[in-house]
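S.K.:
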Amino acid sequence: MGVGGGPVAVAIRSFGLVVGGRTLLRDVSLEIPAGQITVIVGASGAGKSVLLRVLAGLVGAHDGVIRSSGEIRIGEAAASGKGSEGGPFVDGQLASASPGVGSARVGVVFQNYALLDQWSAEDNVRLAIDHRADLREPPEQSAAAWLKELGVPAATEVGVLSGGQKQRLAIARALAGAPALLLYDEPTSGLDGASGRLVAERIRQTQRTHQRTSIIVTHDYATLLPIADRVLLLDPETQTLAPVAPGYWDDFFGSLLKPAGRLADDGLADEACESDSAESDSAVAGGVVRSLKRLTGWLNERLAAIGRGVLGGLGGIWMRPGEIRIGWVLRFAGDYLRSVTGPSAIVYLGIAGGLLGFTATYFSIQFLPYRIYTKPLLLEDLLAAIGFALYRILVPVLATILVAARCGAAVAADVGVKRYGSQIEALRTLGISPTVYLRLPILVAFVIGTPLLTAIAFQVARAVSVLCFTAMHPELGPYFWHPHFHSRIGQAGVGLTGGWFAVGWGDPGWRWVLLKTVLCGVGVGWISYYRGSRPQRSAGDVSDSITSTVLWATLFVLVVHFAISLIEFRSPS
3 MGVGGGPVAV AIRSFGLVVG GRTLLRDVSL EIPAGQITVI VGASGAGKSV
53 LLRVLAGLVG AHDGVIRSSG EIRIGEAAAS GKGSEGGPFV DGQLASASPG
103 VGSARVGVVF QNYALLDQWS AEDNVRLAID HRADLREPPE QSAAAWLKEL
153 GVPAATEVGV LSGGQKQRLA IARALAGAPA LLLYDEPTSG LDGASGRLVA
203 ERIRQTQRTH QRTSIIVTHD YATLLPIADR VLLLDPETQT LAPVAPGYWD
253 DFFGSLLKPA GRLADDGLAD EACESDSAES DSAVAGGVVR SLKRLTGWLN
303 ERLAAIGRGV LGGLGGIWMR PGEIRIGWVL RFAGDYLRSV TGPSAIVYLG
353 IAGGLLGFTA TYFSIQFLPY RIYTKPLLLE DLLAAIGFAL YRILVPVLAT
403 ILVAARCGAA VAADVGVKRY GSQIEALRTL GISPTVYLRL PILVAFVIGT
453 PLLTAIAFQV ARAVSVLCFT AMHPELGPYF WHPHFHSRIG QAGVGLTGGW
503 FAVGWGDPGW RWVLLKTVLC GVGVGWISYY RGSRPQRSAG DVSDSITSTV
553 LWATLFVLVV HFAISLIEFR SPS
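Spelled out as structure tokens, the structure:
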């Protein structure tokens, strides 16, 4: 429900919209009635999705592509443009995108659904319920009730749902967040005719039942115009957003080749207006077609960034402590901790540690210069050097590099897919800050996971080292290896198992190891989130974000180890 307890109207005053230097709307003023379904139509590339994201508050004040001016009021919440030296149009943002009492929550049903597909359908809806607009009010109904009403299987994983089921789930999640205004971005796109009609009927039924003011942008005129209470035509040629009278809606079923501005003018008139001449109509129509083709190609790259998540980045919606649901934050943290320290990561680091332990032990002893003469004299010191090098240098460096490559790539891919699939935008429309629910859990996962994986790698390296030494010198065995291997890392106990799982805690060196691994974890986590959350226009951009994460994260790890080593290892006095 709206701020005032019922459906809200949307008032647009002197509104202008510029995308990439091209003016799409200029000085538009109109009102979208409360409690009705308004369908916005226009040619492909006209900017309908951009307008939808402006209404949703998904275009930041510092967006480099989109600029807006004027005022949009949703209930009592408003967004106004402010003067700027840069020109007549300035950056604007929608205040109603912020959650909480006294502001109008805007729900969005995205064209690509933007569902969290690692969870069940019920989890997606429960997330919205737990972050609904007014937490002081009880939820309208349970997650199971929402899914039953919309006809979505409750316990089914999102990934196996059909397209129509995903669309209905997206509607259920948006409604569960208790929005005052509900926006639909091409809700029947990609669906067959029967599924599209079912979704349209669900939208109409939902609007009648829950009385949400609804705005739909679409190309599917045949399916969605029949459920509309009002139709608006967005025409970038005339830079207008104008209502079309019901008697002229049938003109949309064929095409929009007729000059869009003239169609809007005709719809507003009480009686038909004749054209100046057939030749004039033909010339204007041809010009519109050519302009739309150019505009479509030019906007494709830019609108994709908007449609797949211009937001996200590093900034987030500010959330008051009472709005943060710790259980959900911990759930995101658990997901990322499993991604960082899952079985494959443990096996990966364990194998690397084992190879390192074998290499350091076997080749250091086997290829010792003049080993017939020097080994009896240097074997104890050589074992101490091997233990010290594995514990303080070799394992931490190799482990953190591998964490940066393997785990950094995994997390960057996850965040990149969330950005590409509009999931980060969907979180924002629910009043959820990606900074709190994504970046913070990622950092926690890396801060815990990096030292843990390094410790696992060292334990395996040490186990392989003792096996290798025992195989090379069975007459000395592990009891000779143990005190000498640990003599420089604070575990020079006489027993073979003494300190086996807590190596180094008696020596200050563990603090350096912990410092390096934690710093590396923080840096890799930050880089992974930053690269993944950047605008992802295509699958290629997601791939590039993974590659750049591996590049910058491994470089960061090497710099950390180099810088700390200058302080850690000082020349003996």
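Residue numbering for the sequence shown is 3 to 575, as defined by our numbering.
Glycine included, each C-beta is placed from N, C-alpha and C at the ideal position.
Quick one: using the 10 Å Cβ neighbour count with 16 as the cut-off for buried, is E159 buried or exposed?
M.R.: Exposed: under 16 other Cβ atoms inside 10 Å.
S.K.: Quick one: what's got a C-beta closer than 8 Å to F558's C-beta in the same chain, skipping five residues either side?
M.R.: The residues are A406, C522, G525, V526, I529.
S.K.: Per DSSP, E33 forms a beta bridge with which residues?
M.R.: Paired residues: A13.
S.K.: Let's test the definition: count the other Cβ atoms within 10 Å of the Cβ of S216 and tell me whether it reaches 16, buried, or not, exposed.
M.R.: When all chains shown are included, S216 counts as buried.
S.K.: Taking just the CA atoms, how far does A244 sit from D416?
M.R.: Distance between the alpha carbons of D416 and A244: 41 Å.
S.K.: Does DSSP classify V419 as helix, strand or coil?
M.R.: V419: helix per DSSP, three-state reduction.
S.K.: What are the boundary residues of the beta strand (DSSP E) that E325 is part of?
M.R.: Per DSSP, E325 belongs to no beta strand (DSSP E) and is neither H nor E.
S.K.: Please determine, among I76, S346, G59, S535, the residue with the shortest C-alpha to C-alpha distance to R69.
M.R.: The shortest Cα separation from R69 among I76, S346, G59, S535 belongs to G59.
S.K.: Ignore the nearest five residues each way along the sequence and tell me which others in L117's own chain have a CB closer than 7 Å to its CB.
M.R.: Taken in chain order, the residues that qualify are N126, V160, K168, L171, A172.
S.K.: Out of I348, L381, S489, R210, state which residue places its alpha-carbon closest to the alpha-carbon of Y364.
M.R.: The candidate whose alpha carbon is nearest that of Y364 is L381.
S.K.: Quick one: grab the DSSP three-state call for G344.
M.R.: Correct three-state label for G344: coil.
S.K.: Let me make sure I understand the geometry here. Which of E570, E203, R107 has the alpha-carbon closest to that of D136?
M.R.: Nearest C-alpha to D136: R107.
S.K.: Using the DSSP secondary-structure output, state which residues sit across from Y223 in a beta bridge.
M.R.: Answer is none; Y223 lacks a bridge partner.
S.K.: Within 10 angstroms of its Cβ, does F17 collect 16 or more other Cβ (buried), or is it exposed?
M.R.: Buried, since its Cβ has 16 or more Cβ neighbours within 10 Å.
S.K.: When you compare only the Cα positions, how much space is there between A362 and A414?
M.R.: Their backbone Cα atoms lie some 33 Å apart in a straight line.
S.K.: Let me make sure I understand the geometry here. Which of G389, V544, V56 has the alpha-carbon closest to that of V419?
M.R.: V419 has its Cα closest to that of V544, out of G389, V544, V56.
S.K.: Going by DSSP, what residue range makes up the alpha helix (DSSP H) through S550?
M.R.: Run containing S550: 541-570, per the alpha helix (DSSP H) assignment.
S.K.: Buried or exposed, going by whether 16 or more other CB atoms sit within 10 Å of the CB of R513?
M.R.: With fewer than 16 other Cβ atoms within 10 Å, it is exposed.
S.K.: Does the Cβ-Cβ distance between A401 and T456 come in under 8 Å?
M.R.: Against a cut-off of 8 Å, the Cβ pair of T456 and A401 comes out as a contact.
S.K.: Based on the DSSP output, what are the partners of I218 in its beta bridges?
M.R.: Its beta-bridge partners are V41, Y186.
S.K.: Is L54 near Q241, with beta carbons less than 8 Å apart?
M.R.: No, the pair does not count as a contact, with Cβ atoms beyond the cut-off.
S.K.: Could you please give the first and the last residue of the uninterrupted beta strand (DSSP E) stretch that includes L200?
M.R.: Not the beta strand (DSSP E): L200 falls in the alpha helix (DSSP H), residues 195-212.
S.K.: Can you tell me the Cα-Cα spacing of R24 and R75, whole angstroms?
M.R.: Going by the C-alpha atoms only, they are around 24 Å apart.
S.K.: Rank R232, E239, D237 by C-alpha distance to the C-alpha of Y250 and give the top, closest one.
M.R.: Selected option, being the one with the closest Cα: R232.
S.K.: Beta strand (DSSP E) containing P245: first to last residue?
M.R.: Residues 242-246.
S.K.: Would you tell me roughly how many angstroms separate the C-alpha atoms of Y439 and A463, rounded to the nearest one?
M.R.: Distance between the alpha carbons of Y439 and A463: 36 Å.
S.K.: Checking 8 Å against the spacing of the C-beta atoms, do G37 and A182 come in under that value?
M.R.: Their beta carbons are not under 8 Å apart, which means G37 does not touch A182 by this criterion.
S.K.: When you compare only the Cα positions, how much space is there between V29 and P238?
M.R.: Before going on, a small fix: residue 29 reads as Asp here, not Val. Going by the C-alpha atoms only, they are around 12 Å apart.
S.K.: Using the Cα positions of A202 and L226, report the straight-line distance between them to the nearest angstrom.
M.R.: Cα to Cα, A202 sits roughly 6 Å from L226.
S.K.: Thinking just about the alpha-carbon of each residue, which of V561, V61, V52, Q461 is nearest to the one in G356?
M.R.: Of the candidates V561, V61, V52, Q461, the one whose C-alpha sits nearest the C-alpha of G356 is Q461.
S.K.: Alpha carbon to alpha carbon, how far is A541 from T549?
M.R.: Taking the straight line from one Cα to the other gives about 13 Å.
S.K.: Look up D237 in the DSSP assignment and give the residues it is bridged to.
M.R.: According to DSSP, D237 bridges with T242.
S.K.: From the DSSP output, in three-state form, read off V111 for me.
M.R.: V111 falls in the strand class under three-state DSSP.
S.K.: So is Y481 buried or exposed if we call it buried at 16+ other beta carbons inside 10 Å?
M.R.: It counts as exposed.
S.K.: Would the beta-carbon of A146 fall within 8 Å of that of E124?
M.R.: A contact, by the Cβ cut-off of 8 Å.
S.K.: Are the CB atoms of A391 and S489 nearer to each other than 8 Å?
M.R.: No, the Cβ-Cβ distance between A391 and S489 is not below 8 Å.
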